[in-house]
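Have a look at the structure below before the remarks.
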Amino acid sequence: MCNKTKKAWKTLRNPLIKTELNRTEKLIKKLDKNSRQKDQTEELEALNREDGTLWRKAKIMCKKAQKIPALLGENGFVYSDSIKAETIALSLEKQFSLNDLSHRETEK
């Protein structure tokens, strides 16, 4: 329904069709929100104090998720944790290596 209304709006540019499109999109968002809220309520009601699921869920909800973004290494973007660690190690090794202060052409 929404796709047909959107297509009609794009071709005809009728304000009544735009109003219908807005109503349809608002209804879809409301239904999606209600569905997500219902799922979350069911999940929370299923938690049990005796088996530890309540504690685990509370711990997850209180903890801030920290995702390390992709790194740009010598061979392009790096996504896996082990390769990220290797890329950081190589970068630090390069940064803290001693500088070559000798100039071969002037030392002859």
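With the working numbering as the guide, the letters of the sequence shown map in order to residues 2 to 109.
The C-beta atom is built at its ideal place from N, Cα and C for all residues, glycine as well.
Remember, it's a predicted structure, so these values are computed and weren't measured experimentally.
query, result
"Which of helix, strand or coil DSSP assigns to residue 45", "helix"
"Residue from 104, 73, 32, 103 whose Cα sits closest to the Cα of residue 89", "73"
"Residue 77 - partner residues in DSSP beta bridges", "74"
"Alpha-carbon spacing of residue 71 relative to residue 92, whole angstroms", "15 Å"
"Buried versus exposed, by CB contacts within 10 Å (16 or more), residue 1", "The chain is shown from 2 up to 109; residue 1 falls before or after that span and cannot be answered."
"Residue 86 versus residue 78 - alpha carbon distance", "13 Å"
"Rounded Cβ spacing between residue 54 and residue 48 (contact assumed at less than 8 Å)", "5 Å"
"DSSP-derived helix/strand/coil call for residue 40", "helix"
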